[in-house]
Amino acid sequence: MKVLTRGLIAAVFCMPLMAPDASAQNSNIYTQCPTETVLHPDTDADPTTREAGIKCDHLAAGDGMVTMADDAGKQLYIFSFARLPLPGTGGAPTEASGGYPGYVMAEGMLAANAPAPTIAVDEDDELFLSLTNVGMAMRPDLFDPHTVHWHGFPNASAVFDGVPDASISINMGATLTYYYNAKDAGTYMYHCHVEAAEHMQMGMLGNLYVRPRQNHCETITDDPAIPGSVCPAGHTAGYTYAYNDGDGTTRYDIDYPIQVGSFDPDFHDASFGVQPLPFAGMRDRYFLMNGRGYPDTADGTILSTVDPLGKTQFSQPVDSLITAAPGQKILLRISNLSVTSFYTVGTNGLSMEVVGLDARLLRDDAGNNMYYMTNSLTIGGGQSADVILTAPATPGTYFFYTKNLDKLANDAENFGGMMTEIRIN
Ligand SMILES: [Cu+2]
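Mind the numbering: the sequence shown is residues 961 to 1385 in the working numbering, read in order.
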């Protein structure tokens, strides 16, 4: 948190240095989404058609409100991201019309989600991710920049890493298009890295994963030097894998990102009330999967919250309800972005096979398979795991939950918190 007086001092010092277009960040709102690149050149002689493999996204960083799962539906103030439609899509004006910046401000302010919108791309994709800082509407005293940090991901350039000490941060009213060349399949996560303890406790956290090249191995010329280009035995078009395993052992039928985490309502209330923030006193009391406590985790709908200006916003779009048919293989992409705690998660009556940790296939240096079966897994902030469950033959409802039993709570209410349902039907 920076206070206004520091901002004014900074502004006075900086003003003589600023000239129009002199900054890497023009104070405007836009997206960048090329139709062809060096890595994905034009294949159809139509320069207006976007080549497959070029993906574009637009996120607004700002604030908003979410609803917790206790009976009173505690409203928590958060900072986070919201996904915006690209110009000319999803009801958004075209950039040429001149209406896009105003649309982004109107739709992006107070629209923050918990978790932040899921980012999922395929290996070899190029992603152009435009991030606009729309400001924190309920905190006009703050002028915090924001970033996107892909935790654990090998970046094309440090400039796009989002660590403010080593890369660009995005000021209010500005946009930066991050460029990612998606190499190395796996389950990652992303968060804002500016004043990380604060912005992460406040909710700037999201699911992120890269699907492996092996999913479409049948379309690639076999080259043993290119992981995932040679199809594993028994491969059929449409099969999906967690990694370029070469042997089909990470094949799954359905996948679910599950980000565990927790919020300290006192910290969020202090932020909303423009009060000093209790950093060392952070004690999380809402325990979450994908931004919700049980039973909301198993509610397969988008949760909405009315923002302080009276507009209903999609506040928690990602549920954690796991459904599968008997015998199906379920991949859970589990990550933890809690600022405060390690969490142990697991199942009851179902075994999980851990095939990946921290976005790496679980193999030793000689390539030996190091997968293991378990029904509990402990991960700290910034860690991830890929686990495969095989749905039992008998239909029924199972639980996926934290084994830290005091965390099965929504603040003062028991039988909630970090838990969801696995429904086999
Ligand atoms: Cu931030």
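Where is the CB? At the ideal position from N, CA and C, for every residue including glycine.
Every value quoted in this text rests on a predicted model; they were computed, and no experiment measured them.
What I want to know is whether the C-beta of MET1098 ends up closer than 7 Å to one or more non-hydrogen atoms of ligand 1.
Every heavy atom of ligand 1 is 7 Å or more from the Cβ of MET1098, so no.
For LEU1365, is the classification buried or exposed, using 16 other Cβ atoms within 10 angstroms of its Cβ as the cut-off for buried?
Answer is exposed; the Cβ neighbour count stays below 16.
In three-state terms, what does DSSP make of ASN1167?
Residue state, collapsed to three classes: strand.
How do the segment 1228-1240 and the segment 1346-1353 stand: do at least 3 beta-carbon pairs fall below 8 Å, yes or no?
At 8 Å Cβ cutoff, the stretches do not touch.
Pairwise C-alpha distance: HIS1195 and ALA1369
The straight-line gap from Cα to Cα measures roughly 43 Å.
Following the continuous beta strand (DSSP E) through ASP1229, name the residue where it begins and the one where it ends.
For ASP1229, no beta strand (DSSP E) encloses it; the enclosing alpha helix (DSSP H) starts and ends at 1225-1232.
Integer Cβ distance of GLN1392 from ASN1131, believed to fall under 8 Å:
Examination of residue 1392 is not possible in this model, given that the chain is present from 961 through 1385 alone.
If you count every other CB in all the chains shown that lies within 10 Å of the CB of ASP1324, and 16 or more means buried, which is it?
If you draw a 10 Å sphere on the C-beta of ASP1324, you find fewer than 16 other C-beta atoms in it, and that means exposed.
Mind checking TYR1121: buried by the 16 CB within 10 Å criterion, or exposed?
The identity of residue 1121 in the sequence shown is Asp, whereas the question assumes Tyr. The residue is buried, with at least 16 neighbouring Cβ atoms inside 10 Å.
Assign ILE1290 to one of two classes, buried (16 or more other C-beta atoms within 10 Å of its C-beta) or exposed (fewer than that).
With 16 or more other Cβ atoms within 10 Å, it is buried.
Range of the contiguous beta strand (DSSP E) that encloses GLY1024:
GLY1024 -> beta strand (DSSP E) spans 1014-1027.
Round the Cβ separation of ILE942 and ARG1383 to the nearest angstrom and send it over; I've been treating them as touching at under 8 Å.
Because the chain here runs from 961 to 1385, residue 942 falls outside it and cannot be looked at.
Could you check which residue in ASP1125, ASP1085, VAL1305 has the C-alpha nearest to that of CYS1016?
Nearest C-alpha to CYS1016: ASP1085.
According to DSSP, SER1344 sits in a beta bridge with which residue or residues?
DSSP lists SER1295 as partners of SER1344.
Whole-angstrom distance between ALA1020 and SER1040, CA atom to CA atom
About 8 Å.
My output table needs one value for GLU1373: the three-state DSSP class, helix, strand or coil.
Strand, per DSSP.
If you draw a straight line from the alpha carbon of ASP1316 to that of PRO1100, how long is it in whole angstroms?
Rather than Asp, the amino acid found at residue 1316 in this sequence is Gly. Near 43 Å, if we compare the C-alpha coordinates of PRO1100 and GLY1316.
Own chain residues within Cβ distance below 6 Å of GLY1051, not counting five before or after:
Here the set comprises nothing.
Is ASN1364 helix, strand or coil when you go by DSSP?
Here ASN1364 sits in coil by DSSP.
Once you ignore the five residues that flank ASP981 on each side, which residues in its own chain have a CB closer than 8 Å to its CB?
Unreliable placement is indicated for ASP981, whose pLDDT of 43 sits below 50; no coordinate value is reported for it.
Comparing the CB of MET1069 with every heavy atom of ligand 1, is any distance shorter than 7 Å?
Ligand 1 has no heavy atom closer than 7 Å to the beta-carbon of MET1069.
Following a CB-centred definition, is PHE1039 positioned closer than 7 Å to any heavy atom of ligand 1?
PHE1039: yes, Cβ under 7 Å from ligand 1.
Same chain, Cβ closer than 6 Å to GLU1158, five either side skipped, listed in chain order:
Answer for GLU1158: no residue qualifies.
Report yes if the C-beta of HIS1106 is less than 7 Å from at least one heavy atom of ligand 1; otherwise report no.
Yes, ligand 1 has a heavy atom inside 7 Å of this Cβ.
With distances taken Cα to Cα, identify the nearest neighbour of ALA956 among PRO1047, ASP1082, GLY1058, LEU1044.
It is not possible to answer for residue 956, since the shown part of the chain is limited to 961 through 1385.
Rounded to the nearest angstrom, what separates ASN986 and GLU1067 at their Cα positions?
Since pLDDT at ASN986 reaches only 41, below the 50 mark, its modelled position is unreliable, and no value is offered.
Which two residues bound the contiguous beta strand (DSSP E) that contains GLY1306?
Start and end: 1303-1307.
Given a threshold of 16 other Cβ atoms within 10 Å of its Cβ, counted over all protein chains shown, does ASN1250 qualify as buried or as exposed?
Label assigned to ASN1250: buried.
Among MET1330, LEU1337, MET1160, TYR1140, which has the Cα closest to the Cα of ASN1308?
The residue among MET1330, LEU1337, MET1160, TYR1140 with its C-alpha nearest the C-alpha of ASN1308 is LEU1337.
Integer-rounded CB distance, given that TYR1148 should sit under 8 Å from GLY1112
Rounded, the Cβ-Cβ distance is 5 Å, consistent with contact.
So what does VAL1220 bridge to, in DSSP terms?
As a beta-bridge residue in DSSP terms, VAL1220 pairs with MET1249, ASN1296.
Can you tell which of TYR1331, SER1311, MET1312, LEU1310 has the C-alpha that lies nearest to the C-alpha of ARG1320?
Ranking the options by Cα distance to ARG1320, first place goes to TYR1331.
Spatial neighbours of MET1333 in its chain, beta-carbon cut-off 6 Å, leaving aside the 5 residues before and after
Taking MET1333 as the centre and dropping the five residues before and after it, the same chain places the C-beta of SER1311, GLU1313 closer than 6 Å to its C-beta, in chain order.
Short Cβ contact (8 Å threshold) for THR1304 with THR1362
With respect to the 8 Å criterion, THR1304 and THR1362 are classified as neighbours on the basis of their beta carbons.
Can you determine whether any heavy atom of ligand 1 sits closer than 7 Å to the C-beta of HIS1228, and answer yes or no?
Every heavy atom of ligand 1 is 7 Å or more from the Cβ of HIS1228, so no.
Report yes or no: do the segment 1181-1191 and the segment 1286-1302 share at least 3 C-beta pairs separated by less than 8 Å?
With a cut-off of 8 Å, the segment 1286-1302 and the segment 1181-1191 do not count as touching, because too few Cβ pairs lie within range.
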